[in-house]
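S.K.: Okay, here's the structure, questions in a sec.
Right under this line is the structure:
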């Protein structure tokens, strides 16, 4: 219970956190297969897909289940991670307690796992669901393995095999578990390794690890996640791997200045790699020499070294030098060293009070630091500003912060600065070129500057659909309709599940004479991929409303948009426009205009159109005049409102001068010979 309370105390704050713009979209909000929840098609995709440069169907299914239960309420997705993490900590405690009989030492290891700052990344990052899930199954497998060793049998061995399979399908990093089981045979289980059966029982597990390793490597290579030797030379990889081993140990005891991304060094001082290598080798020799008297040292130390091998960077996946999340399971080995080492010191009467006090203080400090570290994950801005505070030359942090700021009111100027800084550090960053182009295209007067950025991105990555889509948006803004259509079509061809590309293609086609049916098809394609795409429903309704005999379908599209977003002002307004032209639907149209105005009282067009409907109802002319005046208060240069108000006033005895004033204003704002003649006739009649 204390373990769960500590976990909740550190992580409960995530219920208020957003998704972040680093990978969360690929796993949740931006993934059409996941957004739909649990479906037969989704389950088939989960087990056959290599999306996110990995094969982890159990992780995909867990994200689908979250969407099924909670939609895209980010807080609940975060809390699911916390729940799984807490359960994993309990399983770790249960395993160690059963295997060793040492209650307090087991509790200390589980406590460090639950609240250490290095583990915050794995828990507070929705995209790292794979970490918490794989750890859950890792510890469940070890617990099942202890049961199996107590009374070997096929039933108990099958449980070990099944839980290990589930772990592999959550995250392939747990391929090292068979090796750790051998370490457990030495300590704490103290099985006789000379027995051939002990090795044979690991063969099926090792075979599964090998198969998943090959699948993972092929998937990552196909996705371009595996970096070439040219990008990261073998010598630099080895140096970085040695230094990373040392960095993780230092960070365990001094978990400060932690970041979501640590840039890969262009070079490392040779002395750092040599020193790290000597320390690791020296520690390994010492552990081996003490293997008989202190067996826990060998299990803990080689657990740490061995479980890091898949992610230490000898086969480099991604551009990070190292990552906090990579310590999630490996640090358990170091925690065993700390817990059992501290207990050994505490056996000395003179040392015990100091050892207990020091360990208690360290645990408290680590928990407090973890609580503060969790706060950095509140949203993309807090996350990447912190990363920039504690690292240097961090192109990824500049890029992601720039992307976030693009959607913040008033954030475009700083977004450009951040993206330009990302490109200074990494001139070949395709995402940064694309994002900078998008930001420039949104700034008045800087549209022309965006095109070289898109061209640079497409020179570096001709088949990147996002760059084609964003270039299409810029071309559409520039009035280059045909070229925009080509870019959107290319983006949707390269990624048939790219809902935004289909939507934008629909927008462009709807502006092209005679291509309404194609626009409808693209909007429908976007909605098949993203069924809650309210903007696509709205624009589908707009196209249908302009076609003969399709008003009923247009109304259905607007109503669907409003089911998705009840506060969607433009859907209320456009639905009101369509209904106002249909026999017997004026009350419904008025209700839609009024709904739009409750949400956005400064919608001048809704005020004016509501005024037009009210003016046709006996006794409601004063209310109509009030609506016209409200429209003109919002937009004094609104020609149609001046005209409509002028017409209504001209019918009221004694108000002709006001009517003429409004009609004259309408004429100045929108010259019209017919209106000029009508005003002259009114003046003549008034005399």
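In the numbering used here, the protein residues as written are 258 to 944.
Glycine included, C-beta positions come from ideal geometry on N, C-alpha and C.
1. Measuring alpha carbon to alpha carbon, tell me which of 908, 684, 296 ends up nearest residue 879.
2. Assess, as a yes-or-no matter, whether the segment 348-368 is touched by the segment 305-319 under the definition of 3 or more beta carbon pairs within less than 8 Å.
3. With DSSP as the reference, label residue 665 as helix, strand or coil.
4. Output yes if chain D places a C-beta closer than 9 Å to the C-beta of residue 629; else output no.
5. Per DSSP, what are the beta-bridge partners of residue 577 in this structure?
6. What does a CB cutoff of less than 7 Å around residue 608 pick up in its chain, not counting 5 residues either side in sequence?
7. Quick check: the Cα distance between residue 397 and residue 357, rounded to an integer number of angstroms?
8. Answer with buried or exposed for residue 604, where buried requires no fewer than 16 other C-beta atoms within 10 angstroms of its C-beta.
9. Check each candidate in 570, 441, 764, 556 and name the one with the smallest Cα separation from residue 491.
10. Which of helix, strand or coil does DSSP assign to residue 282?
11. For a quick check, are the C-beta atoms of residue 329 and residue 296 less than 9 Å apart?
12. Which same chain residues, not among the five before or five after residue 416, have their C-beta less than 7 Å away from its C-beta?
13. Taking the beta carbon of residue 589 as the centre, do at least 16 other beta carbons fall within 10 Å, making it buried, or is it exposed?
14. Roughly how many angstroms separate the alpha carbons of residue 610 and residue 524, rounded to a whole number?
15. Below 8 Å CB to CB, which residues in the same chain sit around residue 859 once its five sequence neighbours on both sides are set aside?
16. Is it the case that the Cβ atoms of residue 658 and residue 645 are separated by a distance below 9 Å?
17. Is it true that the CB of residue 366 sits closer than 9 Å to the CB of residue 399?
18. Indicate the three-state DSSP secondary structure (helix, strand or coil) for residue 428 in the structure shown.
19. For residue 620, I'd like the list of residues in its chain whose CB is within less than 7 Å of its CB, leaving aside the five on either flank, ordered along the chain.
20. Out of curiosity, what's the CA-to-CA distance linking residue 530 and residue 794?
21. Taking C-beta to C-beta, are residue 371 and residue 473 nearer than 9 Å?
22. Buried or exposed, going by whether 16 or more other CB atoms sit within 10 Å of the CB of residue 354?
23. For residue 851, is the classification buried or exposed, using 16 other Cβ atoms within 10 angstroms of its Cβ as the cut-off for buried?
24. Assign residue 585 to one of three DSSP states: helix, strand, or coil.
25. DSSP on residue 435, reduced to helix/strand/coil?
26. Do residue 443 and residue 548 come within 9 Å of each other at the CB atom, strictly closer than that value?
27. Of all the options 876, 841, 848, which has the alpha carbon lying nearest to the alpha carbon of residue 830?
28. Count the C-beta pairs between the segment 331-349 and the segment 570-582 that are closer than 8 Å, then say yes if the count reaches three, no if not.
29. Verify whether the separation of the beta carbon atoms of residue 562 and residue 584 is less than 9 Å.
30. Assuming residue 512 contacts residue 375 (C-beta within less than 8 Å), just tell me the rounded distance between them.
31. According to DSSP, is residue 922 part of a helix, a strand, or is it coil?
32. Should residue 350 go down as buried or exposed, given a rule of 16 or more other Cβ atoms within 10 Å for buried?
33. State buried or exposed for residue 457, treating a residue as buried only when at least 16 other CB atoms are found within 10 Å of its CB.
34. Using the Cβ count rule (16 or more neighbours within 10 Å means buried), how would you classify residue 452?
35. Nearest CA to the CA of residue 516: which residue from 403, 642, 809, 449?
36. Would you call the segment 896-903 and the segment 914-934 touching, i.e. three or more CB-CB distances under 8 Å?
M.R.: Considering the structure as presented:
1. The alpha carbon of residue 879 has as its nearest neighbour, out of 908, 684, 296, the alpha carbon of 908.
2. These segments do not touch.
3. Residue 665: coil per DSSP, three-state reduction.
4. Here there is only one protein chain, and chain D is not present.
5. In DSSP, residue 577 forms a bridge with 520.
6. The answer, listed in chain order, is 602.
7. Answer to the nearest angstrom: the Cα atoms are 16 Å apart.
8. Taking all protein chains in view, the Cβ of residue 604 is surrounded by fewer than 16 other Cβ atoms within 10 Å, so the residue is classified as exposed.
9. It is 570.
10. Residue 282 falls in the helix class under three-state DSSP.
11. Cβ atoms of residue 329 and residue 296: not closer than 9 Å.
12. Result list for residue 416: 401, in chain order.
13. Burial is judged here by how many other beta carbons sit within 10 angstroms of a residue's own beta carbon; residue 589 has at least 16 and is buried.
14. Rounded to whole angstroms, residue 610 to residue 524 spans 46 Å at the Cα level.
15. Correct list, in chain order: 891.
16. Closer than 9 Å, so yes.
17. Going by C-beta atoms, residue 399 is not nearer than 9 Å to residue 366.
18. Assignment of residue 428 by DSSP, reduced to helix, strand and coil, places it in the coil class.
19. Cβ neighbours of residue 620 beyond the five flanking positions: 368.
20. Cα-Cα distance, rounded: 58 Å.
21. It is not a contact, given that the beta carbons lie outside the stated cut-off.
22. By the 16-neighbour rule on beta-carbons within 10 angstroms, residue 354 is buried.
23. Counting of Cβ neighbours within 10 angstroms places residue 851 among the exposed residues, the total staying below 16.
24. Taken through DSSP and simplified to helix, strand or coil, residue 585 comes out as coil.
25. Helix.
26. Closer than 9 Å, so yes.
27. Checked all of 876, 841, 848; the closest Cα to residue 830 is 848.
28. Contact fails: fewer than three Cβ-Cβ distances are below 8 Å.
29. Contact flag unset, no.
30. Going by Cβ atoms, the distance from residue 512 to residue 375 rounds to 6 Å, so yes, they are a contact pair.
31. Of the three classes helix, strand and coil, the one that applies to residue 922 here is helix, per DSSP.
32. Per the 10 Å Cβ criterion, buried.
33. By the Cβ-count criterion, residue 457 is exposed, with fewer than 16 other Cβ atoms from all chains shown falling within 10 Å of its own Cβ.
34. It counts as exposed.
35. Residue 642 is the option with its Cα nearest to residue 516.
36. The segment 896-903 is in contact with the segment 914-934.
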